[in-house]
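Protein chains in written order, with the numbering used here: chain F, 1 to 256; chain W, 257 to 355.
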C-alpha cells in the first residue's frame with residue numbers, strides 16, 4: 001500500500017478535505033440543523049473513503065445506516081426539540097472555549113506526531129480479492145464463524161436499545177383518578193357539598209371563565225374555576241373589588 | 257502518499273469532534289460530535305484492516321456502527337425526555353440530576 005495509485009491520492013485529497021470542511025462546519029455552525037447537514041456531508045465522504053480503502057460493504061453500510069438512518073433520526077429530534085436549537089454564546093465556565101481549543105490542538109499535534117512516526121515504516125499488506133469481489137463473502141464468513149458470539153450479542157443490544165428508547169421517550173400523562181358510579185353517588189350525597197359547583201364570576205368588567213365567583217364575604221371561590229384552567233398560564237384579569245359601588249362606577253366619586 | 261495520510265485524517269476528524277464536544281452547548285450537537293469521533297475511529301479501523309491484510313478491522317468497524325446506532329437511539333430518547341422536563345436542550349441547564 002505504500003504504492004498508492006494517483007487516482008486514489010486524488011480521491012483522498014478531495015474527499016478528505018471535504019470531510020474536514022464538513023467537520024469544521026458542524027462545530028462552527030450556530031444552527032443545529034446546519035450542523036447536522038454538515039455532518040451528513042462528512043459521513044458521505046467517509047463512506048466513499050471506505051470504498052477506496054477496500055471496504056465496499058462498509059461504505060454502503062455507512063451511507064445507508066449513518067447518513068440514511070442515524071442522521072435522519074437526528075434531524076427528526078432536532079425538529080422536535082428545535083425551539084432553542086441555536087446555541088447560546090454565553091460562556092458558563094470562563095475561558096473554557098480557549099482551553100478546549102488549546103487542548104484540542106495539543107491532542108491533534110500528539111496524534112500527528114505519534115502516528116506519523118510509528119506507522120510510516122510498516123509495509124502494508126493490502127486485502128487483495130477480499131477488498132473487492134470477495135469482501136462480502138469474507139465478512140459474512142467471519143461474522144458467522146469467529147465473531148458469532150459478539151454478533152448474537154448485538155441482537156440483544158439492539159432489542160435493549162429499542163426498549164430503552166420506548167421507556168425513555170414515552171410521554172407520561174398524569175394519571176387521572178377515575179371514580180366509579182358508586183363513589184360518585186357517595187361523594188354527592190355524603191360529601192361536604194350537596195349543591196353543584198358554582199359557576200365563574202360574571203361582572204360588569206369581566207365575564208371570563210378565568211374569573212372566580214365571589215363568596216358572600218367577598219373572597220374568591222376557588223371551586224368556581226375549572227380545573228383545566230389552573231394547568232394553563234392564564235392572563236390575570238383585574239378583578240373588580242367586592243363592593244356594590246364598584247359595579248355602578250360610583251366608587252371613584254366616593255373616594256373623592 | 258501512503259496509509260499514514262488516512263490515519264492522520266482520522267486523527268484530525270477525531271480532534272475536531274473532541275473540540276466540538278468541549279465547545280458546543282446544545283446536547284444534540286454534542287451528540288453529533290461524538291458520532292463524528294466514532295466515524296473517525298471507524299476510518300482508522302478500515303485503514304488498519306487494509307494495512308494488515310485481513311478483514312478483522314472491517315468487522316470491528318461494522319460492530320462499532322451497530323453499537324453507534326443503538327447508542328443514538330437511547331441518547332436521543334434521553335435528550336427528548338430531558339427537553340420535556342426542562343424545555344431546553346442545553347447541557348448547561350441539565351446540571352442537576354433532579355428537576
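Here a beta-carbon is modelled for each residue, glycine too, at the ideal position from N, C-alpha and C.
Predicted model, so just to flag it, every value in this text is computed and none were measured.
Neighbourhood of residue i by C-beta distance below 7 Å, restricted to the same chain and skipping five residues each side
| i | result |
| --- | --- |
| residue 215 of chain F | 221 |
| residue 311 of chain W | 305 |
| residue 316 of chain W | 301 |
| residue 293 of chain W | 270, 273 and 274 |
| residue 331 of chain W | 287 |
| residue 50 of chain F | 58, 59 and 62 |
| residue 81 of chain F | none |
Limits of the unbroken alpha helix (DSSP H) element including residue i
| i | result |
| --- | --- |
| residue 262 of chain W | 259 to 279 |
| residue 308 of chain W | 283 to 308 |
| residue 343 of chain W | Premise fails: residue 343 of chain W is in no alpha helix (DSSP H) and is neither H nor E. |
| residue 97 of chain F | 96 to 118 |
| residue 141 of chain F | 135 to 144 |
| residue 154 of chain F | 148 to 169 |
| residue 257 of chain F | The requested residue 257 of chain F is not part of the displayed model; chain F covers only 1 to 256. |
| residue 38 of chain F | 32 to 52 |
| residue 59 of chain F | 56 to 61 |
| residue 210 of chain F | From DSSP, residue 210 of chain F is part of no alpha helix (DSSP H); its letter is neither H nor E. |
| residue 186 of chain F | 181 to 190 |
Rounded Cβ spacing between residue i and residue j (contact assumed at less than 8 Å)
| i | j | result |
| --- | --- | --- |
| residue 197 of chain F | residue 227 of chain F | 10 Å between Cβ atoms; not a contact. |
| residue 257 of chain F | residue 93 of chain F | Nothing about residue 257 of chain F can be reported from this structure: the residues present for chain F run from 1 to 256 only. |
| residue 78 of chain F | residue 333 of chain W | The pair is not a contact, with the Cβ atoms about 14 Å apart (cut-off 8 Å). |
| residue 199 of chain F | residue 213 of chain F | 6 Å |
| residue 280 of chain W | residue 289 of chain W | 7 Å |
| residue 35 of chain F | residue 285 of chain W | 5 Å |
| residue 161 of chain F | residue 324 of chain W | Going by Cβ atoms, the distance from residue 161 of chain F to residue 324 of chain W rounds to 11 Å, so no, they are not a contact pair. |
| residue 65 of chain F | residue 8 of chain F | Contact doesn't hold; Cβ gap of about 25 Å is too wide. |
| residue 165 of chain F | residue 329 of chain W | 5 Å |
8 Å Cβ shell around residue i - same chain, five flanking residues per side excluded
| i | result |
| --- | --- |
| residue 283 of chain W | 335, 338, 345, 346, 347 and 350 |
| residue 179 of chain F | 187 |
Own chain residues within Cβ distance below 6 Å of residue i, not counting five before or after
| i | result |
| --- | --- |
| residue 151 of chain F | 143 |
| residue 258 of chain W | none |
| residue 47 of chain F | 59, 62 and 63 |
| residue 33 of chain F | 78 |
| residue 342 of chain W | 349 |
### Message
Check whether the stretch 19 to 26 of chain F and the stretch 270 to 289 of chain W touch, using three or more Cβ-Cβ pairs below 8 Å as the test.
### Response
yes
### Task
Check whether the stretch 296 to 314 of chain W touches the stretch 28 to 44 of chain F, taking contact to mean three or more Cβ pairs, one atom from each stretch, closer than 8 Å.
no
### Short-range partners of chain W found in the stretch 139 to 158 of chain F, where Cβ spacing is below 7 Å
139, 142, 143, 147, 150, 154, 157 and 158
### Message
If contact is defined by three or more beta carbon pairs under 8 Å, each pair taking one atom from either stretch, is the stretch 89 to 109 of chain F in contact with the stretch 52 to 71 of chain F?
### Response
no
### Query
Is it a yes or a no for the stretch 311 to 328 of chain W touching the stretch 259 to 270 of chain W, going by three-plus beta-carbon pairs under 8 Å?
no
### Task
Could you name the residues of the stretch 319 to 345 of chain W whose beta carbon sits closer than 8 Å to any beta carbon of chain F, in the order they occur along the chain?
319, 321, 322, 323, 324, 325, 326, 327, 328, 329, 330, 332, 333, 334, 335, 336, 337, 339, 340, 343, 344 and 345
### Query
Of the residues that make up the stretch 263 to 284 of chain W, which ones have a beta carbon closer than 9 Å to any beta carbon in chain F?
263, 264, 265, 266, 267, 268, 269, 270, 271, 272, 273, 274, 275, 276, 277, 278, 279, 280, 281, 282, 283 and 284
### Interfacial residues, the stretch 206 to 226 of chain F to chain W, with Cβ spacing under 8 Å
none
### Task
Return the residues of the stretch 57 to 83 of chain F that lie within a Cβ-Cβ distance of less than 8 Å from chain W, sorted by chain order.
57, 58, 61, 62, 65, 66, 69, 70, 73, 74, 77, 78, 80, 81 and 83
### Task
Return the residues of the stretch 28 to 52 of chain F that lie within a Cβ-Cβ distance of less than 7 Å from chain W, sorted by chain order.
32, 35, 36, 39, 42, 43, 46, 49 and 50
### Interface positions of the stretch 6 to 25 of chain F facing chain W (Cβ-Cβ less than 7 Å), listed along the chain
9, 12, 16, 19, 20, 23 and 24
### Message
If the cut-off is 9 Å on Cβ atoms, which residues from the stretch 179 to 207 of chain F count as contacting chain W, listed in chain order?
### Response
none
### Message
Taking beta-carbon pairs under 7 Å, can you tell me which members of the stretch 105 to 121 of chain F lie near chain W?
### Response
107, 108, 111, 112, 115, 116, 119 and 120
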